[in-house]
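Chains as they are written, first to last, in this note's numbering: chain A, 1244 to 1679; chain B, 301 to 780.
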Amino acid sequence: MVLTNGSFDAHRPPRRELLDDCVHCGFCLPSCPTYAVGGEEMDSPRGRIYLMDLAERGEIPLDRTMAGHIDSCLGCLACVTACPSGVQYDLLLEATRPQLERHVPRTRRDRLVRRAVFAVFPYPARMRVAALFGVLYRRLGLRALTHRLGIVDRLPAELRAAEGLLPPVKVRSLFRRLPARVAAVGERRLRVALLEGCAQRVLFGDVNAATARVLAAEGCEVVVPEGQRCCGALNLHAGLEDDAAARARRLIDTFEKAEADVVVANVAGCGSSMKEYDRLLADDPAYAERAARFAASVRDVTELLAELEPRAPRHPIQAKVAYHDACHLANAQRIRRQPRDLLRAVPGIELTDIAEAELCCGSAGIYNLVQPVAAEELGRRKAANIEAAAPDVIATANAGCLLQVRRFLGRDIPLVHPIEILDASIRGVPLERARR
Amino acid sequence: MSWAAELTEVLGRENVITDPARLRTYECDGLTGYRVVPAMVVLPRSAAEVAAAVGVCARHGVPFVARGAGTGLSGGALPVADGIVISLQRLRRIVEVDPVNLRAVVEPGVTNLDISKAAAPYGLYYAPDPSSQQVCTIGGNVAENSGGAHCLKYGFTVNHVLAAEVVLADGTVTTLGGDSPQLPGYDLLGAFIGSEGTLGIVTQVTVRLLAKPAAVRTMVADFATVAGAGDAVTGIVAAGIVPAAIEMLDNLAIQAVAASTQSVYTLDTVAALVVELDGPPDDVAEQFEQVQEICRAHGCTKVLVAEDAEQRALIWTGRKAAFAAVGRISPDYFVQDGVVPRGRLAEVLGRIAAMADEAGVRVANVFHAGDGNLHPLVLYSEAAGEHDRAERLSTEIAELCVELGGSLSGEHGIGADKACSMPRMFGEDDLATMLRLRSAFDPGGLCNPGKVFPTPRLCGERPGRYRPHPLEEAGVIERL
Ligand SMILES: Cc1cc2nc3c(=O)[nH]c(=O)nc-3n(C[C@H](O)[C@H](O)[C@H](O)COP(=O)(O)OP(=O)(O)OC[C@H]3O[C@@H](n4cnc5c(N)ncnc54)[C@H](O)[C@@H]3O)c2cc1C
Ligand code: SF4
Ligand code: SF4
């Protein structure tokens, strides 16, 4: 047997044994959002794995065709959850994307959009300017005006997507910062370091505040390490491995200083990428061990709370809540039960199921910005399924999902992070007021 | 105009695939040992488009192969090199659920499970339940006359399809069967179901729905010997009990399941039976006791009774994931589908084990024991060069079933895989008669050619994985 990587280069190509795990049974097809939309084999997990397999054998080149089908993957990992054969598609995707980034030049338009996204999202300051622009845009009636004049309809699809995603934030909350330390209520059980997130801290400062309050109420001392930057999730999921690794190193440096027992994330995408730092930095002798330690200490906030025996009393909230699984929580981190259990433990809350729950909402990191057409169809489908369940409140644990679902919802149903419901319940205030 | 240009014009560029890399993702179905790259794949969006595409093929003499979800295990959807694949994945509408008349009308690309999901609000379901039900299409089910665990009591696809709209090989659209249960004349719908895509393409199906049973009880009974489990199956049926399902898993299959899902099976048991009873609560309760007694009489070592719906679901998830889960304990495998008379289960399992030992290959068993429908999984590693040995054993097992008075296939179809074994089961006259039926529907032989019937080309050499030409490897020529 000849040891080659076929069309891949030698730097971490998708591994043959991982490719061989796929038995071509197709059990993953119905949970794949792109297959649900188009029904084409090469836009299904089985088909994508087949393409990787062919490339690994050198039977097809790494070209725009192949890149197109890997780009169209949302990385939602519903296929990993569905696969009875234990195919680690997450690893295959992570290995394939950087190879394509290296070997297949992108079109000019695609390059520009991606560059713009990566120039803004990971930087809170720039994000704030963009969001501020968004607030003014709404407040000054520009949004209504541009819509009326049909300008929005004439924007390229990617920009239209960004325009539609702008959430209704208040200027005050754009500049809200968390205190550097929040003391535990009662006897301290843990010292936790909170990741603020980049888009999160700008657009969902309220969620961060609620997270800190709930953790404190449950006996955690919360520290918010100074100078923390982006965790690199967007880069990692887009195949920009080197950028992601650089960000990971810096974040590890920052968080190690906090000397916390646990690192807490409340954005599913960030949590899942931080849990992958050990793999990302495995080849870096200076960081491999530290990355492994760091990754092992990361918890999603709902995961951590489920591990702690509840201490703070919960006040009733009468509401029918639809819980939407964020892919990076449910599939990447396998956290499905914990947020549901936490919500069920609030007296008065009735949880309701959503049809096609396993199907991604189309947010998926930057997907809705770079693949707007498919994302739009998925967003509509998800919103329709949620509306059919007629909930009073929608809860989901990821910033991207919150933005995406809100955009397509026909009716005005409040969308919250589950931690906000918990926060309201612990404080004994109505949900609407807790969020103010 | 060339046929390719014509198809592109009729269907639109976005509904045809011609790019070589993309085409390759259609080169096989669930049986990956057979691969052929088609010349084109088309994805029509309506029955009218299917008819138009078939019409073009008929005029130009281009062979075509229908494809549902590509989960078939006999190479039924294996493409033809100079032909096209017609994917039904864009016909996924549930046209109607009619709770009054207990039926549903669906397009062929709808999955088996989605029919039951659509019927669930009315307390109804679609009974045939292949293990692949979450993904396989009703069109594929009709073509294969698929079965499942619960077909022991409820029958196969053929017992649950009332009518089918089909596109015949010349592009005409017609409906076989109809609303009334008894139609005069030949049962053409019956001929069509199980024809493996060789008589035409299904574009709409009317299925029967059943009311969910009042009570369901499920158990897993462990056995210290495979023979004991096999005899227990015979004992249950001989006692006049008709369970909804009797499934058997042997130790290798149980290990695979445990590696894959949250498993309820005993890891070190030699064999286990899953027995499910359904119907009126009193009958179910009484027979459930009886079944346990029969199992104990045949050396059952432990019985697990599902306490609630969740545990019952776990038992079935494990069973239904078993084939794919075998991927966890072996890089490659063949699934066989032979049937033996129920009374010979213990005997055939013993002989299979002996044959496996002799060939030096592992065989896992997970199957519909109540029907005597075996699914021996012959495990091998292509990389270790075990392919041919495993394939030979797999074929020998299928032919052993025929020898014992059974059949080559219970539910997966003959396809490309077992076509060469057909003469073992049927005489020349039988095959000639079948061929005449086929030719009456498809005189030109364009509709899924090369399947079911043995052909010298197929039985002489098997199309295998593409291997680069030496000149190509040397960089002298390039594959386009
Ligand atoms: C893990 C696993 C478990 C399985 N378990 C079972 C089981 O328990 N019982 C069982 O019976 N089978 C089982 N199967 C086999 C398979 O799922 C069935 O044969 C199924 O009916 C195939 O459906 P499909 O949509 O995937 O069809 P495909 O594989 O795409 O096609 C199968 C055949 O049907 C033809 N066909 C497809 N659509 C049409 C159409 N619209 N009109 C005419 N012909 C058409 C094709 O040409 C081909 O010959 C299993 C398969 C797997 C991978
Ligand atoms: S990825 Fe898993 S579920 Fe999908 S085809 Fe491969 S083995 Fe089957
Ligand atoms: S990660 Fe999501 S979009 Fe990508 S192949 Fe898997 S299921 Fe499909």
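By construction, the Cβ of each residue, glycine as well, lies at the ideal position given by its N, Cα and C atoms.
Nothing here was measured: the structure is a model prediction, and the numbers come from that model.
- In this structure, A:A1436 is the residue among A:A1436, A:Y1293, A:A1626, A:R1431 with its C-alpha nearest to the C-alpha of A1423 (chain A).
- Judged by DSSP secondary structure, D632 (chain B) falls within the beta strand (DSSP E) whose first and last residues are 632-635.
- The alpha carbon of T411 (chain B) has as its nearest neighbour, out of B:P428, B:L402, B:N401, the alpha carbon of B:P428.
- At a Cβ-Cβ threshold of 7 Å, A571 (chain B) and V526 (chain B) count as neighbours.
- Within the stretch 384-412 of chain B, those residues whose Cβ lies closer than 8 Å to any Cβ of chain A are, in chain order, S387, Q389, R390, R392, G409, T411.
- Between T566 (chain B) and D522 (chain B) the beta-carbon gap is near 5 Å, inside 8 Å, which marks them as a contact.
- For A624 (chain B), the Cβ falls inside the 6 Å cut-off from some heavy atom of ligand 1.
- With a 10 Å radius around the Cβ and a threshold of 16 neighbouring Cβ atoms, M301 (chain B) comes out exposed.
- Contact of F1270 (chain A) with chain B is assigned, a C-beta pair being separated by under 7 Å.
- Under DSSP, V603 (chain B) takes part in a beta bridge, and its partners are B:A521.
- Under DSSP, the beta-bridge partners assigned to N665 (chain B) are B:P676.
- The closest CA to that of H1254 (chain A), considering only A:P1273, A:E1337, A:V1266, is found on A:E1337.
- Going by beta carbons, G1301 (chain A) and G1249 (chain A) fall inside the 7 Å limit.
- For V435 (chain B), the closest Cβ of chain A is nearer than 7 Å.
- In terms of beta-carbon proximity, A646 (chain B) stays away from the interface with chain A, with every pair separated by 7 Å or more.
- Each residue's CA atom was taken as its position, placing V1465 (chain A) and L1479 (chain A) some 27 Å apart.
- In this structure T437 (chain B) is not in contact with Y1293 (chain A), their Cβ atoms being roughly 19 Å apart against a cut-off of 8 Å.
- Ligand 3 has no heavy atom closer than 6 Å to the beta-carbon of T411 (chain B).
- Classified as buried, P1341 (chain A) has 16 or more neighbouring CB atoms from the shown chains inside 10 Å of its CB.
- At a threshold of 6 Å, H712 (chain B) counts as near ligand 1, since its beta carbon sits closer than that to one of the ligand's heavy atoms.
- The C-alpha of N445 (chain B) lies about 32 Å from the C-alpha of D1296 (chain A).
- Membership of S495 (chain B) in any alpha helix (DSSP H) is not indicated, and neither H nor E is assigned to it by DSSP.
- Between the alpha carbons of D1264 (chain A) and Y454 (chain B) lies a gap of roughly 35 Å.
- Runs of beta strand (DSSP E) with 3 or more residues, each lying fully within the stretch 444-473 of chain B, are found at 461-467, listed in chain order.
- For A1632 (chain A), the closest alpha carbon among the candidates A:A1640, A:R1654, A:A1642 is that of A:R1654.
- Under DSSP, the beta-bridge partners assigned to R1424 (chain A) are A:V1466.
- Setting aside the 5 residues that flank it on each side, E1299 (chain A) is surrounded in the same chain by N1248, G1249, S1250, F1251, P1256, P1257, R1259, L1262, each with a C-beta closer than 8 Å to its C-beta; the list follows chain order.
- Contact between the stretch 656-674 of chain B and the stretch 731-741 of chain B is absent: fewer than three C-beta pairs spanning the two stretches fall below 8 Å.
- Within the same chain, Cβ atoms closer than 8 Å to the Cβ of W303 (chain B) are found at V356, C357, R359, H360, V362, the five residues on either side in sequence being excluded.
- Around the C-beta of Y486 (chain B), fewer than 16 other C-beta atoms lie within 10 Å, and the residue is accordingly described as exposed.
- For M1309 (chain A), the uninterrupted alpha helix (DSSP H) segment begins and ends at 1307-1314.
- With three or more CB-CB distances shorter than 8 Å, the stretch 418-435 of chain B counts as touching the stretch 499-514 of chain B.
- Put simply, the backbone Cα of E1630 (chain A) is about 13 Å away from that of E1599 (chain A).
- Assignment of beta-bridge partners to R367 (chain B) by DSSP yields B:S387.
- Taking all protein chains shown into account, T1277 (chain A) has 16 or more neighbouring C-beta atoms within 10 Å of its C-beta and is therefore buried.
- For N748 (chain B), the Cβ falls inside the 6 Å cut-off from some heavy atom of ligand 1.
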